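Q:
Protein chains: 4
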Amino acid sequence: MHIGLVGLGKMGGNMRARLRNAGHTVIGYDRNADLSDSSSLADMVEQLRGLGDGPTVVWVMVPAGDPTRSTIAELKELLDEGDLVVDGGNSKYTDDAINAASLGEKGIDFVDCGVSGGVWGLQNGYALMYGGTTSAAAKVMPALEALKPDHTEDGLVHCGETAGAGHFAKMVHNGIEYAMMQAYAEGWELLDKVDIVDNVPEIFASWRTGTVVRSWLLDLLVDQLRADEHLDKIKGYAEDSGEGRWTVQAAIDNAVPMPAISASLFARFASRQEDDVAMKAIAAMRNGFGGHAVISESEA
Amino acid sequence: MHIGLVGLGKMGGNMRARLRNAGHTVIGYDRNADLSDSSSLADMVEQLRGLGDGPTVVWVMVPAGDPTRSTIAELKELLDEGDLVVDGGNSKYTDDAINAASLGEKGIDFVDCGVSGGVWGLQNGYALMYGGTTSAAAKVMPALEALKPDHTEDGLVHCGETAGAGHFAKMVHNGIEYAMMQAYAEGWELLDKVDIVDNVPEIFASWRTGTVVRSWLLDLLVDQLRADEHLDKIKGYAEDSGEGRWTVQAAIDNAVPMPAISASLFARFASRQEDDVAMKAIAAMRNGFGGHAVISESEA
Amino acid sequence: MHIGLVGLGKMGGNMRARLRNAGHTVIGYDRNADLSDSSSLADMVEQLRGLGDGPTVVWVMVPAGDPTRSTIAELKELLDEGDLVVDGGNSKYTDDAINAASLGEKGIDFVDCGVSGGVWGLQNGYALMYGGTTSAAAKVMPALEALKPDHTEDGLVHCGETAGAGHFAKMVHNGIEYAMMQAYAEGWELLDKVDIVDNVPEIFASWRTGTVVRSWLLDLLVDQLRADEHLDKIKGYAEDSGEGRWTVQAAIDNAVPMPAISASLFARFASRQEDDVAMKAIAAMRNGFGGHAVISESEA
Amino acid sequence: MHIGLVGLGKMGGNMRARLRNAGHTVIGYDRNADLSDSSSLADMVEQLRGLGDGPTVVWVMVPAGDPTRSTIAELKELLDEGDLVVDGGNSKYTDDAINAASLGEKGIDFVDCGVSGGVWGLQNGYALMYGGTTSAAAKVMPALEALKPDHTEDGLVHCGETAGAGHFAKMVHNGIEYAMMQAYAEGWELLDKVDIVDNVPEIFASWRTGTVVRSWLLDLLVDQLRADEHLDKIKGYAEDSGEGRWTVQAAIDNAVPMPAISASLFARFASRQEDDVAMKAIAAMRNGFGGHAVISESEA
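Protein chains in written order, with UniProt numbering: chain A, 1 to 300; chain B, 1 to 300; chain C, 1 to 300; chain D, 1 to 300.
In structure tokens:
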């Protein structure tokens, strides 16, 4: 198929390559002219139209928030009824309803697609979770089939007819990921700290076969532990993406208890504080006790 | 009544004063001769016996663990059937059963007593939670009545006939305290951080009358915030006493969910880490992703 | 002063009474004509204007969300430049910015005010947390002074110049309340469950004097426990208000760790589930193990 | 090698089969004569001695706690200096030090071994984590090599020279497992609840390839969701093994924050309560407010 691709960074660039490897025609656009196949979004759309009849399909792969919103607003001006915009970035699911409604004013279809895969995607394929109508998705299906992993039915799923369903599923995927990582991290901290246990990297390595906790994340952790047994070279600091936050906020909106995922998110927040802020208030109250240290080990 | 008091630090010293103010005779013993009324435990017991008939009562007010255990072991040698040992320190409740059984071999009674009050206790009285048989407790009741706050039925409670009941109740009191402090601390951190709100110390101050969250801890926090609005002078670092740990461990032994108290305990643990240890493992796994930074704000 | 009061339910009705007791003139409006002093919002505003010169001040005390939004929209039509609307309901702080901006288009001032106090407010006064400019607040200050508790500087606080500051502070107050209640609840569950401890209601009662955990919530709990020692007559089910949810969501927006308050919120969510939903997935995975029961006490 | 195996339930029976398939001679003992190769522990030891020279090696595979303790006590009477006992059950790591010391009084070696694998172990091999001296472990190494998975270096690891190191590692493995399962469960509950998303079983299925959350537990969950989309047939109820509890308790002993694993444990506790106990106290306090329902959605 013919497809426009906006955003040719490492992720978008690899996706372009994978699509071309599968025989599709990709006209990319990026603000960086060195990466771009077109001089502007308008030029990209014009080139796509020159390639033949049928709906024009544009895949947007730019950062969530304003960049995605402004790109889609511009595409709304350029595209016509029956064309399709796919948001393959990490947009919040609530943005999708807004974007879909805006494009819908001109009869332009919209599909949202959560994409997982990182640097391995080019070779191994991407896991794709998409939302939107079946008829809209059909317009981009050849590209979805090309991007997904080969030789499996996994890696491509229609999450619902409603705009945002795909990003919602990807968001929850990331929330789950947070708590899985936290699970290994807590277990590792305990094993690394106690005197009774040695050989912690090899313990984790041994778990890769025959245990309940085997996973791809475990494989990653083993590689890191073998390179730096006590992770001395790594700062205990973790960013969080919007998706972890949105997952917990969506859980709260829906009265879903989410103690482990929220704990994982809060642990990341705390890791980024130079001094532990809430503990200042705890310490202040303890100062207020005055006598809290009167008996050793006693609070009051 | 006549009573021996072992351990004359700030806490024990104040208790001696409060007992004497109420007209009781206290023979204190402390390793520090400057504080002590007797030259040894044996001398203390001998002096008590010289004061009259009736059971000899000794209140132990030394740090939990080995100091308390060894003191009680020594008292076991010195005391006789019908005498009474009170453990008023912060012993773990499981120690009480052991100490009670050991003393019981000689027919010596045992009462455990959790004591709250800190530096205000001398003037305002101590909150006392005791465990043991009613007949054993009767031997020390005049002292308990003198130590508790005046003009109230609060502050003195018989928590059960079983040795350890008093320390168990005091332990849970401290566990509750952890989560109450954490509640204020979390709320303060949020209020202090957002731009929309000013005047945070006075917000907390205003809550002292007419609100659901009014408490003595709130009063303490207000004093601290008024002295140092953003708590800039206070390090975000909090010790934990054994009692918070034991509370959560007892909850786990009894299959009681304890998410808020445990979260409060873990927050203290984390505050004492120079680098956030578990986050090292999180960061390591994120390094393993390789492409996690491909799209801004994306995990993978 | 003269003030309009919209919403004369139990809360609004009591506030009207307290304002009148202080000598203020209140023209109330409620959809229920039996409670109302006026036939419509327009009639209320007209009556207020008839009472004299100066800005017209209207206090809105209706449920958060649509009722408040529509009331304020209608008042915008009725009021003029220099008049004042106070939102004393439980609006989300983000609504305040919208309402303030809308009213500002006509030069109408806006103050948001979180109100705590419940049924005791009429007699004891209300705790009031307000946001807005000092000049706007000045227009309603006599009413604020009348509503707050007597004989104290507590209970009335200016939380910031920005619309929403008052509701934000009240929101955090409620979040803190959640975790304080959870703290007592967890401690009570453990004490009530273990065999070693008896007399649990009196243990809680004893804590009311001389301990770190004394508070108004503790007082309430003691009354309930004395009436129903094991709370057998009470269903373990707790609603949550919007404010608890918004507190955690605001914490997440601001990267503030909030483990105890969120745990308290999640515990309420879980209490309302007939069957424990997430545990269905846990149980499903355990079924998948197949052999998880092979060795007793073993997972796999 | 020749090895005695005590406990021939499903797990022990399969292990006997796997050992024999590898050419080893196993003399099993079970209280159930139908399963047993010997009439008593004494008979088992006698048969083993009759098979040749060298140390007698006995693998204990009975439930943790008293059954394991009494079995090891009996073996201590039967075995001689230089013989070896392996505890392959799910003993608490602190038991191992006691058992090792007791056996050591007669010069009998001790190895503790955590075993994971369940019903697949017979065919696929078991993951084995062992603790003890290298020389002691050497005596049972042929059996360990036979029990572990084939064609991999994973699945067998020496966790430390100290008795209990193996069980400690297995314990932490199970703690990690708890939080991983909770992670999927929380994500599933949210996805299953929201209207925006359909097709939840296939979303989980799609994640098995190309995503960060792929794991063996995910594979299990997919099978269950495909058979029962909303898990309607499964009760939301999860037992916990001792190992999850011990993991959190060990974390607390070592001042290791463990928010996600503890949350997972507490969620299991709560799932087993008919009524939510702590929420009774929350509801009681809310009753005490009296006016908490005055304004809809308000707490107080």
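The beta-carbon is built from N, C-alpha and C at its ideal position, and this holds for glycine as well.
This one's a predicted model, so the numbers in the text were calculated from it and none came from an experiment.
Please identify the residue among 113/C, 85/C, 202/C and 207/C whose C-alpha is closest to the C-alpha of residue 311/C.
A: Nothing can be reported for residue 311/C, as the shown portion of chain C is limited to 1 through 300.
Q: Work out the CA separation of residue 41/D and residue 75/D for me, nearest whole Å.
A: Your numbering for residue 75/D matches position 75 in the fourth sequence. Your numbering for residue 41/D matches position 41 in the fourth sequence. Approximately 7 Å between the Cα atoms of the pair.
Q: By a C-beta neighbour count over all protein chains shown, 10 Å radius and 16 as the cutoff for buried, is residue 208/C buried or exposed?
A: Here residue 208/C is taken as the residue at index 208 of the third sequence, counted from 1. Under this definition residue 208/C is a buried residue.
Q: Give the secondary structure of residue 51/A by DSSP, where H, G and I count as helix, E and B as strand, and everything else as coil.
A: The residue labelled residue 51/A in the question sits at position 51 within the first sequence. Looking at residue 51/A - three-state DSSP - the assignment turns out to be coil, as it is neither helix nor strand.
Q: What is the rounded straight-line gap between the Cα of residue 2/D and the Cα of residue 162/D?
A: Within the fourth sequence, the letter at position 2 stands for residue 2/D. Within the fourth sequence, the letter at position 162 stands for residue 162/D. One C-alpha to the other measures close to 25 Å.
Q: Looking only at its own chain, which residues have a Cβ that is under 8 Å from the Cβ of residue 236/A, when we skip the five neighbours before and after it?
A: As a first step, residue 236/A must be located in the first sequence, where it is residue number 236. Cβ neighbours of residue 236/A beyond the five flanking positions: 271.
Q: Counting contacts by CB-CB distance shorter than 9 Å, is residue 279/A in contact with chain B?
A: Position 279 of the first sequence, counting from 1, holds the residue named residue 279/A. Cβ-Cβ to chain B under 9 Å: yes for residue 279/A.
Q: Short of 7 Å Cβ to Cβ, which residues in the stretch 232-262 of chain A face chain B?
A: Answer in chain order: 234, 235, 236, 237, 238, 241, 242, 243 and 259.
Q: Can the beta-carbon of residue 277/A be found less than 9 Å from the beta-carbon of residue 233/B?
A: Working through the first sequence from its first residue, we reach residue 277/A at position 277. Working through the second sequence from its first residue, we reach residue 233/B at position 233. Against a cut-off of 9 Å, the Cβ pair of residue 233/B and residue 277/A comes out as no contact.
Q: Flag residue 87/B as yes if its beta-carbon sits less than 9 Å from any beta-carbon of chain C, otherwise no.
A: For this step, residue 87/B is matched to residue 87 along the second sequence. Residue 87/B does not count as touching chain C.
Q: When Cβ atoms are compared, which residues of the stretch 183-206 of chain C fall closer than 8 Å to chain B?
A: Listed by position, the residues of the stretch 183-206 of chain C near chain B (Cβ gap below 8 Å) are 183, 184, 186, 187, 189, 190, 191, 193, 194, 195, 196, 197, 198, 199, 202, 203, 205 and 206.
Q: Leaving out the 5 sequence neighbours to the left and right, which residues in its chain are closer than 6 Å to residue 145/D when beta-carbon positions are compared?
A: Against the fourth sequence, residue 145/D aligns to sequence position 145. Around residue 145/D: no qualifying Cβ.
Q: List the endpoints of the continuous beta strand (DSSP E) containing residue 6/B.
A: Within the second sequence, the letter at position 6 stands for residue 6/B. First-last of the beta strand (DSSP E) with residue 6/B: 2-6.
Q: Using a Cβ-Cβ cut-off of 7 Å (strictly less than) and excluding sequence neighbours within five positions of residue 93/A, which residues of its own chain qualify?
A: Translated into the one-based positions of the first sequence, residue 93/A becomes position 93. The residues are 164, 167, 168 and 171.
Q: Cα separation between residue 281/D and residue 200/D?
A: For the purposes of this step, residue 281/D is identified with residue 281 of the fourth sequence, where counting begins at 1. For the purposes of this step, residue 200/D is identified with residue 200 of the fourth sequence, where counting begins at 1. Near 36 Å, if we compare the C-alpha coordinates of residue 200/D and residue 281/D.
Q: How would you label residue 90/A, buried or exposed, when you count the other beta carbons within 10 angstroms and need 16 or more for buried?
A: As a working note, residue 90/A is residue 90 in the first sequence. That one is buried.
Q: Find the residues of chain A that neighbour residue 159/D, judging by a C-beta separation of less than 8 Å, and give them in chain order.
A: The residue labelled residue 159/D in the question sits at position 159 within the fourth sequence. What residue 159/D touches in chain A: 197, 198, 199 and 203.
Q: Which complete alpha helix (DSSP H) runs does the stretch 87-140 of chain C hold, if anything under 4 residues is left out?
A: As far as the stretch 87-140 of chain C is concerned, its whole alpha helix (DSSP H) runs of at least 4 residues are 93-104, 121-124 and 134-138.
Q: Buried or exposed: which applies to residue 39/D, given that a residue is buried once 16 or more other Cβ atoms fall within 10 Å of its Cβ?
A: Stepping through the fourth sequence from its first residue, residue 39/D is reached at position 39. Under this definition residue 39/D is an exposed residue.
Q: Taking the C-alpha atoms as reference points, what is the distance between residue 53/C and residue 25/C?
A: Residue 53/C sits at position 53 when you count from the first residue of the third sequence. Residue 25/C sits at position 25 when you count from the first residue of the third sequence. Whole-angstrom Cα-Cα distance: 14 Å.
Q: Determine which residues share a DSSP beta bridge with residue 29/A and list them.
A: Here residue 29/A refers to the residue found at position 29 when the first sequence is read from its first residue. DSSP lists 6/A as partners of residue 29/A.
Q: Report buried or exposed for residue 33/C, applying the criterion of at least 16 other Cβ atoms within 10 angstroms of its Cβ.
A: For this step, residue 33/C is matched to residue 33 along the third sequence. By the neighbour-count rule (16 or more Cβ atoms within 10 Å), residue 33/C is not buried but exposed.
Q: What ranges does the alpha helix (DSSP H) occupy inside the stretch 217-284 of chain B, keeping only unbroken runs of at least 4 residues that lie completely in it?
A: Complete alpha helix (DSSP H) runs here, min 4: 242-253 and 259-271.
Q: Okay, do the stretch 255-264 of chain A and the stretch 3-17 of chain C touch, 3+ Cβ pairs below 8 Å being the bar?
A: In short, these stretches do not touch, since the Cβ pair count stays below three.
Q: Please classify residue 295/B as buried or exposed, where buried requires at least 16 neighbouring CB atoms within 10 angstroms.
A: By 1-based counting over the second sequence, the position of residue 295/B is 295. At residue 295/B the pLDDT is 30, less than 50, meaning the model places this residue with poor confidence; the figure from the coordinates comes in the next sentence. So residue 295/B ends up on the buried side.
Q: Buried or exposed for residue 122/D, going by 16 or more other Cβ atoms inside 10 Å?
A: Taking the first residue of the fourth sequence as 1, we reach residue 122/D at position 122. Under this definition residue 122/D is a buried residue.
Q: Applying the criterion that 16 or more other CB atoms from any shown protein chain within 10 Å of the CB defines a buried residue, is residue 291/C buried or exposed?
A: The count along the third sequence starts at 1 and reaches residue 291/C at position 291. Confidence at residue 291/C is low in this model, with a pLDDT of 44, below 50, so the placement of that residue is unreliable and no value is reported for it.
Q: Which class does residue 167/B belong to by DSSP, given the choice of helix, strand or coil?
A: Within the second sequence, numbered from 1, the residue matching residue 167/B stands at position 167. Helix at residue 167/B.
Q: For the 8 Å Cβ check, are there 3 or more pairs between the stretch 221-233 of chain C and the stretch 215-224 of chain A?
A: Counting Cβ pairs under 8 Å, fewer than three are found: no touch.
Q: In whole angstroms, what separates the C-alpha of residue 82/C from that of residue 55/A?
A: In the third sequence, residue 82/C corresponds to position 82, counting from 1. In the first sequence, residue 55/A corresponds to position 55, counting from 1. Whole-angstrom Cα-Cα distance: 56 Å.
Q: Any idea what DSSP makes of residue 158/A, helix, strand or coil?
A: Counting from one through the first sequence, the residue named residue 158/A turns up at place 158. Residue 158/A falls in the strand class under three-state DSSP.
Q: By DSSP, does residue 59/B sit in helix, in strand, or in coil?
A: Taking the first residue of the second sequence as 1, we reach residue 59/B at position 59. In the structure shown, residue 59/B sits in a strand (DSSP, three-state: E or B).
Q: Under 7 Å Cβ-Cβ, which residues of chain G neighbour residue 269/A?
A: Any reference to chain G falls outside this structure, whose protein chains are A, B, C and D.
Q: From residue 51/B to residue 45/B, what distance separates their C-alpha atoms?
A: Translated into the one-based positions of the second sequence, residue 51/B becomes position 51. Translated into the one-based positions of the second sequence, residue 45/B becomes position 45. About 10 Å.
Q: Rounded to the nearest angstrom, what separates residue 148/C and residue 21/C at their Cα positions?
A: Walking along the third sequence from the start, residue 148/C turns up at place 148. Walking along the third sequence from the start, residue 21/C turns up at place 21. Distance between the alpha carbons of residue 148/C and residue 21/C is about 13 Å.
Q: Candidates 69/D, 66/D, 64/D and 78/D: which alpha carbon is nearest residue 4/D's?
A: Position 4 of the fourth sequence, counted from the first residue, corresponds to residue 4/D. That would be 78/D, whose Cα lies nearest to the Cα of residue 4/D.
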